[in-house]
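Engineer:
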Amino acid sequence: MKKLQRLIVKVKSRYLLINDGLSINIKDCIREDNPLKNLYFIPAMPDSFIRNNNKNNKVNTKSLVGIYYACIKKEMNEEQLNATINALSMLPYFDYIQKIPETSPLPPAVSINNTFCDSPNFTHYQDYKYGNRGHYYGIDMMYAWSLGIAGQGVRIAVIDWGFNFNHIDLKSARFVELIPLSKHEFDYHGTNVVGVLYAKNNESGITGMVYDADVVYGVTEFTEGYSTRPTNIAIGLEQLRAGDVFLFEMQEYYGEPADYNKAIWDMIKAATDAGIIVVATAGNGNWDLDSEQFADYRSWGDNGVIMVGAGTKIGRNKCSFSNYGTRVHVQGWGDWTVVTTGIGDLYDGVPAGDNDYTHTFAGTSSAGAIVTSAVVAIQSWYKRATNHVLYPLEMRNLLIETGLAQGNEVRGHIGALPNIRNAIEKLKRVIIYFDIKNDEDIYANDIKGYLQEHEVVIINLSDSEWSESIFIPTASLLNKTKRIYINNNSQYTSEVYLNFSDNPRFLKKNESILLVSDGQEWRNR
Numbered sequence: 001m002k003k004l005q006r007l008i009v010k011v012k013s014r015y016l017l018i019n020d021g022l023s024i025n026i027k028d029c030i031r032e033d034n035p036l037k038n039l040y041f042i043p044a045m046p047d048s049f050i051r052n053n054n055k056n057n058k059v060n061t062k063s064l065v066g067i068y069y070a071c072i073k074k075e076m077n078e079e080q081l082n083a084t085i086n087a088l089s090m091l092p093y094f095d096y097i098q099k100i101p102e103t104s105p106l107p108p109a110v111s112i113n114n115t116f117c118d119s120p121n122f123t124h125y126q127d128y129k130y131g132n133r134g135h136y137y138g139i140d141m142m143y144a145w146s147l148g149i150a151g152q153g154v155r156i157a158v159i160d161w162g163f164n165f166n167h168i169d170l171k172s173a174r175f176v177e178l179i180p181l182s183k184h185e186f187d188y189h190g191t192n193v194v195g196v197l198y199a200k201n202n203e204s205g206i207t208g209m210v211y212d213a214d215v216v217y218g219v220t221e222f223t224e225g226y227s228t229r230p231t232n233i234a235i236g237l238e239q240l241r242a243g244d245v246f247l248f249e250m251q252e253y254y255g256e257p258a259d260y261n262k263a264i265w266d267m268i269k270a271a272t273d274a275g276i277i278v279v280a281t282a283g284n285g286n287w288d289l290d291s292e293q294f295a296d297y298r299s300w301g302d303n304g305v306i307m308v309g310a311g312t313k314i315g316r317n318k319c320s321f322s323n324y325g326t327r328v329h330v331q332g333w334g335d336w337t338v339v340t341t342g343i344g345d346l347y348d349g350v351p352a353g354d355n356d357y358t359h360t361f362a363g364t365s366s367a368g369a370i371v372t373s374a375v376v377a378i379q380s381w382y383k384r385a386t387n388h389v390l391y392p393l394e395m396r397n398l399l400i401e402t403g404l405a406q407g408n409e410v411r412g413h414i415g416a417l418p419n420i421r422n423a424i425e426k427l428k429r430v431i432i433y434f435d436i437k438n439d440e441d442i443y444a445n446d447i448k449g450y451l452q453e454h455e456v457v458i459i460n461l462s463d464s465e466w467s468e469s470i471f472i473p474t475a476s477l478l479n480k481t482k483r484i485y486i487n488n489n490s491q492y493t494s495e496v497y498l499n500f501s502d503n504p505r506f507l508k509k510n511e512s513i514l515l516v517s518d519g520q521e522w523r524n525r
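Residue numbers in the sequence shown follow the UniProt record's numbering, run continuously in steps of one, and reach 525 at the last position.
What follows is the structure in structure tokens.
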């Protein structure tokens with residue numbers, strides 16, 4: 001194994017000094033301590049991210065400011081590096097200290113050689129887009145397409161080794177390179193992933209399942225040859241809003257999940273707390289994440305991620321290499337059966353390298369791309385139906401509840417295969433619309449009656465010449481899943497009375513609010 005030249009650390013907040021920029025406040029006597037003498041520190045979080053200059057989301061960047069790269073001034077062998085880590089862990093300055101290998105872990109895919117095909121149109125080979133095909137099931141993207149849903153209204157970011165932004169089936173102003181790429185032999189991997197999601201709908205090559213998403217941001221996990229995952233994740237997060245989707249196509253050095261690294265875990269938690277959905281590949285190490293080896297990992301709690309394992313096309317059983325356990329929530333196809341852009345073992349046309357396709361994309365990598373497509377499609381439908389979004393845990397629970405059960409768990413638990421039709425049909429059943437077209441107030445008993453039979457009440461105030469008053473019933477007798485959306489499409493400000501307050505919440509023209517029951521009161525989310 002190559003020598004490691006850097007560490008990832010999180011400095012405790014009381015040792016940080018935040019002025020116009022970021023610096024670590026280390027006293028002179030501490031700088032002279034032997035464990036720190038051979039290190040210098042570089043902030044992992046970009047300044048723009050920490051200062052929260054973007055208006056897209058409410059990520060709590062304060063929880064991430066302490067993440068730094070600890071750069072080693074002189075070469076160390078493995079024994080010396082472990083000794084340094086042990087010495088650092090004895091100091092009071094750090095929440096955690098972890099290694100970063102010089103070469104990033106291989107992307108979570110499993111390759112296989114196969115034959116060529118001479119057809120320029122491979123959409124009929126994209127079996128994963130179908131629903132019930134008798135002897136196998138896909139995620140039923142065809143149902144979403146029948147509703148006119150192909151990802152509209154949703155932004156996607158993908159972090160991977162690299163991408164081919166010039167591939168003829170991907171090149172677009174809406175497939176955006178956020179970070180200049182460091183070229184290496186695994187750049188095809190992100191090309192495989194984005195093809196499943198976003199390949200053009202042009203009756204040639206393949207068709208991405210959410211080809212009409214607003215934008216796809218390609219985020220490399222490298223900067224100038226170094227693995228800089230936390231930094232580059234932050235750059236991706238700056239582009240996303242609540243309800244948008246970030247796909248983590250990564251694993252750790254020995255095939256563990258990417259968030260086995262605590263810095264990555266922290267960044268996922270900050271993202272999901274802000275309403276950004278994170279889908280992450282579980283990894284290809286065949287690790288039992290419920291084993292004692294991962295006890296510390298489990299002790300960190302739930303960071304809100306949707307963790308994806310690799311299953312078989314026929315039977316929905318765990319692939320032999322996939323990580324497994326109760327922390328893996330859902331599965332996608334991972335058994336060398338996914339057709340997508342890149343590699344060239346299905347077709348290798350001209351221009352060379354920009355017109356190639358594979359039918360052997362596999363691993364938790366292909367599974368992650370398929371599950372992300374389902375998430376984006378469901379979110380796209382929900383946003384069109386409600387003018388609001390599903391939040392990370394809501395989406396995760398919906399996928400689990402409406403997915404097709406794992407075939408067997410002899411090899412370990414990887415969860416259900418998402419089913420878009422089942423998910424959308426469930427959402428249709430729990431939503432009721434309350435359209436107000438005339439000058440009338442909406443009273444608590446009316447809304448309460450709807451909430452007794454439905455999970456979601458959507459109140460649409462029409463383009464009228466009157467202002468309405470809306471009286472919200474008490475939340476104390478309602479469960480925590482109940483929610484009310486109010487969309488004011490009228491010409492005037494309306495009044496919303498909730499939690500027995502005499503002071504209304506004023507809802508301006510074209511403004512919307514979401515009220516979520518916490519079992520006692522309504523919270524404005």
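Backbone N, C-alpha and C define an ideal beta-carbon position, used for all residues, glycine too.
Taking the C-alpha atoms as reference points, what is the distance between I277 and G519?
Structural biologist: Cα to Cα, the separation comes out at about 24 angstroms.
Engineer: Three-state secondary structure (DSSP) at S380?
Structural biologist: S380: helix per DSSP, three-state reduction.
Engineer: Taking all protein chains shown into account, decide if D435 is buried (16 or more other Cβ within 10 angstroms of its Cβ) or exposed.
Structural biologist: Exposed: under 16 other Cβ atoms inside 10 Å.
Engineer: Contact check, I414 vs Q331 under 8 angstroms by CB: the rounded distance?
Structural biologist: That pair is a contact at about 4 angstroms.
Engineer: Secondary structure at R396, three-state DSSP: helix, strand or coil?
Structural biologist: The answer is helix: DSSP assigns R396 an H, G or I state.
Engineer: For a minimum of 3 consecutive residues, which ranges assigned as the beta strand (DSSP E) are wholly contained in the region 145-217?
Structural biologist: Counting only runs of 3 or more, we get 155-160 and 175-177.
Engineer: For F248, which residues in the same chain have their Cβ closer than 6 angstroms to its Cβ, ignoring the five residues on either side in sequence?
Structural biologist: For F248, where only same-chain residues beyond five positions count, the Cβ hits under 6 angstroms are I159, A258 and A280.
Engineer: To which residues of the same chain is residue 526 closer than 8 angstroms at the C-beta, ignoring the five residues directly before and after it?
Structural biologist: Any question about residue 526 goes unanswered here, given that the chain covers just 1 to 525.
Engineer: What does the Cβ neighbour count give for K269, buried or exposed, with the cut at 16 atoms within 10 Å?
Structural biologist: With 16 or more Cβ atoms within 10 Å of its Cβ, K269 is classed as buried.
Engineer: Which parts of the region 242-296 are runs of the beta strand (DSSP E), unbroken and 3 residues or longer, counting only runs that do not cross its ends?
Structural biologist: Within the region 242-296, the complete beta strand (DSSP E) runs of at least 3 residues are 245-248 and 277-281.
Engineer: Taking its Cβ as the centre, do 16 or more other Cβ atoms sit within 10 Å of H135, making it buried, or is it exposed?
Structural biologist: By the 10 Å Cβ count, H135 comes out exposed.
Engineer: Looking at the secondary structure, which residues open and close the alpha helix (DSSP H) in which S89 lies?
Structural biologist: Segment E78 to S89, the alpha helix (DSSP H) holding S89.
Engineer: Does DSSP put R6 in a helix, a strand or coil?
Structural biologist: Correct three-state label for R6: strand.
Engineer: Are the region 72-83 and the region 218-232 touching by the rule of at least three beta carbon pairs closer than 8 angstroms?
Structural biologist: Touching, no, given that fewer than three Cβ pairs across the two stretches are closer than 8 angstroms.
Engineer: Y497 and R411 look like a contact to me (Cβ under 8 angstroms); what is the Cβ gap, rounded to whole Å?
Structural biologist: Not a contact, Cβ separation roughly 55 angstroms.
Engineer: Considering just the uninterrupted stretch of the alpha helix (DSSP H) at V389, what are its terminal residues?
Structural biologist: No alpha helix (DSSP H) holds V389; DSSP gives it neither H nor E.
Engineer: When we look at the beta-carbon of F186 and count the other beta-carbons within 10 Å, is it buried (16 or more) or exposed?
Structural biologist: Exposed, since its Cβ has fewer than 16 Cβ neighbours within 10 Å.
Engineer: So, helix, strand or coil for S476, using DSSP?
Structural biologist: Looking at S476 - three-state DSSP - the assignment turns out to be coil, as it is neither helix nor strand.
Engineer: Rounded C-beta distance between N52 and L240? I'm assuming under 8 angstroms.
Structural biologist: Wrong, their Cβ atoms sit about 13 angstroms apart, outside the cutoff.
Engineer: What are the uninterrupted segments assigned as beta strand (DSSP E) that are 3 or more residues long and contained completely in the region 356-380, given in chain order?
Structural biologist: The region 356-380 contains these whole beta strand (DSSP E) runs: 356-361.
Engineer: Using the DSSP secondary-structure output, state which residues sit across from S469 in a beta bridge.
Structural biologist: The partner list for S469 (beta bridge, DSSP) reads E495.
Engineer: With DSSP as the reference, please indicate the residues paired to Q346 in a beta bridge.
Structural biologist: A quick correction: the sequence has Leu, not Gln, at residue 346. For L346, which the question treats as bridged, DSSP gives no partner whatsoever.
Engineer: What residues in its chain sit with their C-beta under 8 angstroms from that of N488, if we drop five residues either side in the sequence?
Structural biologist: The residues are L461, S494, L507, K508, K509, N510, E511 and S512.
Engineer: Spatial neighbours of P473 within its chain, please: C-beta separation below 8 angstroms, excluding the five flanking residues on both sides.
Structural biologist: Only A444, N445, I447, K448 and L451 meet the Cβ criterion.
Engineer: Helix, strand or coil for T231 per DSSP?
Structural biologist: Note: T231 maps to helix in three-state DSSP.
Engineer: Mind the definition here: the region 302-310 touches the region 337-352 only if three or more C-beta pairs lie below 8 angstroms; say whether that holds.
Structural biologist: They do not touch, by the three-pair rule.
Engineer: Here's a check: name, in chain order, each residue in its chain whose Cβ is nearer than 6 angstroms to the Cβ of G255, leaving out the five neighbours to either side.
Structural biologist: If we look at G255 and ignore the five residues flanking it on each side, its Cβ neighbours are G283, N284 and G285.
Engineer: Alpha carbon to alpha carbon, what distance is there between G236 and R327?
Structural biologist: Cα to Cα, the separation comes out at about 24 angstroms.
Engineer: Which residues in the same chain have their Cβ closer than 6 angstroms to the Cβ of R525, if we skip the five residues on either side of it in sequence?
Structural biologist: These residues qualify, in order along the chain: L514 and V516.
Engineer: Please state whether the Cβ-Cβ distance between I431 and T386 is less than 8 angstroms.
Structural biologist: Yes. Within cutoff.
Engineer: What did DSSP end up calling T312 once you bin it into helix, strand or coil?
Structural biologist: Of the three classes helix, strand and coil, the one that applies to T312 here is coil, per DSSP.
Engineer: Which residues does DSSP pair with L404 in a beta bridge?
Structural biologist: DSSP output for L404 lists L417 as bridge partner(s).
Engineer: So what's L237 in DSSP terms, helix, strand or just coil?
Structural biologist: Here L237 sits in helix by DSSP.
Engineer: Can you check DSSP and say which residues form a bridge with K99?
Structural biologist: According to DSSP, K99 bridges with L7.
Engineer: Going by other Cβ atoms of all chains shown within 10 Å of its Cβ, with 16 needed for buried, is K3 buried or exposed?
Structural biologist: Low confidence applies here, because K3 scores a pLDDT of 46, under 50, leaving its location unreliable and the question unanswered by this model.
Engineer: Could you tell me whether the Cβ atoms of V219 and I156 are closer together than 8 angstroms?
Structural biologist: For V219 and I156, no; Cβs fall outside 8 angstroms.
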